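Remarks on the structure that follows.
Residue numbers (our numbering): 47 to 242.
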């Protein structure tokens with residue numbers, strides 16, 4: 047029966063995703079996927095209906111893990127923001143660059159674009175939730191933090207894809223300057239609200 051062991055299936059998704067990252071969408075055969083998983087081509091379809099299902103599910107599963115990994119590095123307080131802005135784009139490029147490149151290969155393909163749309167609608171929701179968690183830590187309303195997160199993530203992913211510092215560094219400098227300004231602005235607003 048297909049999918050009888052969800053933990054095994056997740057392990058296979060991760061091995062398949064690594065294989066796709068190494069060989070690309072067109073260069074990864076079913077045989078290569080089976081070899082990466084240590085099984086025969088026939089056995090891999092005990093867990094998946096088709097190669098398309100492997101592509102779709104492996105990309106969504108592994109990119110959600112990348113996103114979680116990324117967010118676990120986020121600043122815990124206002125003082126930690128400069129470190130985060132300086133270090134994380136380089137860290138994520140080194141650790142996840144191949145994964146981002148494959149994700150974009152999949153989600154920009156006409157065949158899989160609708161799955162990308164679904165995945166990124168979830169990203170939007172999760173970043174909103176994350177902005178709400180950051181609000182009390184850095185003293186800026188989540189509605190302001192949310193677009194800052196979008197800017198940071200977009201610049202970091204672009205750097206992971208292309209290693210283009212001319213694109214990355216101005217945005218990091220902008221964010222580093224903006225965060226304390228927003229903090230000061232909303233600290234005054236918060237004080238005024240308390241005094242009413």
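Note that beta-carbon positions come from the ideal geometry of N, C-alpha and C, so glycine has one too.
Quick caveat, the model's predicted, so the values are computed rather than measured.
Query: Counting Cβ pairs, one atom from each stretch, are 3 or more of them under 8 Å apart for the segment 135-155 and the segment 58-70?; Result: yes
Query: Between 76, 216 and 170, which lies nearest to residue 191 when the distance is taken from Cα to Cα?; Result: 170
Query: Alpha carbon to alpha carbon, what distance is there between residue 72 and residue 78?; Result: 12 Å
Query: For residue 162, which of helix, strand or coil comes out of DSSP?; Result: helix
Query: Find the nearest neighbour of residue 103 within the set 231, 189, 194 and 56, judged by alpha-carbon distance.; Result: 56
Query: For residue 217 and residue 95, I'd like the C-alpha separation in whole angstroms.; Result: 43 Å
Query: For residue 218, does the three-state DSSP call read helix, strand or coil?; Result: helix
Query: Residues in the same chain with beta-carbon distance under 7 Å from residue 60, minus the five sequence neighbours each way, listed in chain order, please.; Result: 108
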